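Here the sequence shown is numbered in the numbering used here, starting from 10 and rising by one per residue.
Written out below as C-alpha cells is the structure these notes cover.
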Amino acid sequence: MNSVVVITGGTGLIGRALTDLLVEANYRVRILTRFPERYRDAGGVEYYGWDWTRRRIDERVFDGATALVHLAGANIGARRWTEGYKAQIAGSRILSLAFLRDFMEQNGVAVGHFIGASAIGYYGCVTDDRPRSETDPPGTDFLARLTVRWEETSQSMQGVARRVSILRTGVVLDARQGALPRMIRPLRWGLTSPVGSGRQWLDWIHIADMARMYFHVLEQGLTGTFNAVAPHPVTYRLFVQTAAGLLHRPCCLPPVPGALLRLLTGPSACLALEGVPVESAKIQSEGFSFRYPQLADALRDLLGD
Ligand SMILES: NC(=O)c1ccc[n+]([C@@H]2O[C@H](COP(=O)([O-])OP(=O)(O)OC[C@H]3O[C@@H](n4cnc5c(N)ncnc54)[C@H](OP(=O)(O)O)[C@@H]3O)[C@@H](O)[C@H]2O)c1
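Listed below in C-alpha cells is the structure:
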C-alpha cells in the first residue's frame, strides 16, 4: 500500500504545492480541513473534516496513516493583531495540534513522521546583520513567544510519532497567494518605495523549494529543526530594487516611514519592518539543494519575465 500522509491546513498555499509533489510520487494524501464539503476527493487526495475548537475530527483520517504534516493556522499577516485575533493565531496552531496529539494518544494512533510548520519569527522582531542559525535563541515579542510554544507542542508529538521535524519558515514567494502579490502590487503602479529603513532582512523562499523541502524531510526521514529559507536572503531595499528591475520600473522612491505603517497596521507592522538574515546551511548539509537560491531567478520565474 502507498504511504498515507495526513496534512492539516492542506488546502493552503504550502499544503497544495506539497500535495501535488506527494501525489506525483504516489503517496496518498488526506487533507484535514474545516470545510470538507467544499472539496471533492480526486486523484489520490481525500478531504476529512475537523474542528479543533469543538474537539471534533473525522476519525477515519488516521486509518493507516504513515505521516502527519501540521500546516493549519489562521493567517498571521492578514488582519490587525487584536487580542481576539492573537488568540486565533495561537489557538489554530498550538491548541489544534495539542488536540490532535491528545486524540492520537487516547486512540492508540501513531505515525512514523510528524512534520510541523514554524516561522522565522522565532528569532524576534529585530533588525541586525548577524546571521541566525537553528541554535540561536528566540526573541521575546508576541510572534517569537508564539513560535516557541508552537515548536514545543510540535516536539510533544514525539509520543505519537517516531520522527519529529520542524520547518522554521521564511516568507514563501508564490505568484498568486501569500506575501508576494501584496508586495508587488504597488511596484506595478510605480510605487517603488522600500518600507522603514530598507535595511531589514527578507528571508524568502520560492514556493517550489518550500514544497520540495517538506518532501525532502519526509523522504529522507530527517529529524530536528531546520530553517526553511533560501540561501541568499536580501534586504528589503534590494528586494524592491530587484523586483522593480524585473518589472521595468525605476527605483527607488523615498521609503514609506515605519511609523506610518505602525500607525496603520499596529504591532504586526514588524513583519514588514524588521528582519535578521537567517541561514539555510543545516538543511543543505542534509542533502537539500535549492532550485531557486537567488532572488532574481525566483522572481523571474514567479513574475513571468
Ligand atoms: N506562507 C508563508 O509565507 C509562511 C511563512 C512562515 C510560516 N508559515 C506557516 O506555514 C503554515 C502553512 O502556511 P500557508 O502559507 O500554507 O498557510 P495558508 O495558505 O494561510 O493556509 C493555512 C490553512 O490553515 C487552515 N486554517 C486557517 N485558519 C484556521 C483556523 N482558525 N483553524 C484551523 N485551521 C485554519 C486553512 O485550511 P481550511 O480552511 O481548509 O481548514 C488554511 O488553508 C502556517 O502555519 C504558516 O504560519 C507560512
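Where is the CB? At the ideal position from N, CA and C, for every residue including glycine.
Keep in mind that this is a model prediction, so the values were computed, not measured.
The DSSP-derived three-state label of R141 is strand. Secondary structure at T156: helix, using DSSP grouped into helix, strand and coil.
Counting the other Cβ atoms within 10 Å of the Cβ of A252 gives 16 or more, which makes it buried. Non-local C-beta neighbours of V238 in its own chain, meaning closer than 6 Å and more than five positions away in sequence, comprise G179, D212, I214, V287, S289, ordered along the chain. In the DSSP assignment, S165 is bridged to no other residue. Its chain contains L104, S105, F108 as the residues whose beta carbon lies nearer than 7 Å to that of W61, once the 5 sequence neighbours on both sides are disregarded; these appear in chain order. Secondary structure in the region 54 to 118: the beta strand (DSSP E) runs of 3 residues or longer, each lying completely within the stretch, are 54 to 60, 76 to 79 in chain order.
Here R141 is buried, its C-beta having at least 16 other C-beta atoms within 10 Å. Taken from the Cβ of Q186, at least one heavy atom of ligand 1 lies inside 7 Å. For F299, there is no enclosing beta strand (DSSP E), as DSSP marks it with neither H nor E. According to the DSSP assignment, T17 belongs to the beta strand (DSSP E) that extends over 13 to 17.
A buried status is given to W210, since no fewer than 16 other beta-carbon atoms sit within 10 Å of its beta-carbon. In this chain, the beta strand (DSSP E) harbouring G121 covers 120 to 128. The beta carbon of N236 sits no closer than 7 Å to any heavy atom of ligand 1.
Proximity to C261 across P302, I175, R300, S206 peaks at S206, based on C-alpha coordinates. DSSP places V135 in the coil class of the three-state scheme, outside both helix and strand.
Secondary-structure assignment with DSSP links I175 through a beta bridge to G125, T234. Annotated as distal: L304 and D183, with beta-carbon spacing of 8 Å or more. D138 counts as exposed, since fewer than 16 other C-beta atoms from the protein chains shown sit within 10 angstroms of its C-beta.
With fewer than 16 other CB atoms across the displayed protein chains lying within 10 angstroms of its CB, D72 is exposed. Sorting Q293, L80, I66 by C-alpha distance to the C-alpha of D218 places Q293 at the top. Minimum Cα-Cα distance from G24 among the listed residues A126, R63, F44, S163 corresponds to A126. Its chain contains I66 as the residues whose beta carbon lies nearer than 7 Å to that of F112, once the 5 sequence neighbours on both sides are disregarded; these appear in chain order. Rounded to the nearest whole angstrom, the C-alpha separation of V265 and S202 is 6 Å. Under the three-state reduction of DSSP, T244 is assigned to strand. In this structure, the C-beta of L304 stays at least 7 Å away from each heavy atom of ligand 1. When rounded, the separation of the alpha-carbon atoms in P259 and L155 is 39 Å.
In this structure, P45 is the residue among P45, E228, C279 with its C-alpha nearest to the C-alpha of W59. For the pair H225 and T136, the Cα-to-Cα distance works out to about 31 Å.
Straight-line spacing of the CA atoms in G233 and W198 works out to 43 Å. Counting C-beta pairs with one atom in each stretch, the region 28 to 43 and the region 239 to 248 have fewer than three that are closer than 8 Å, which means they do not touch.
Put simply, of L196, F123, F299, A281 the residue whose alpha carbon is nearest the alpha carbon of C134 is A281.
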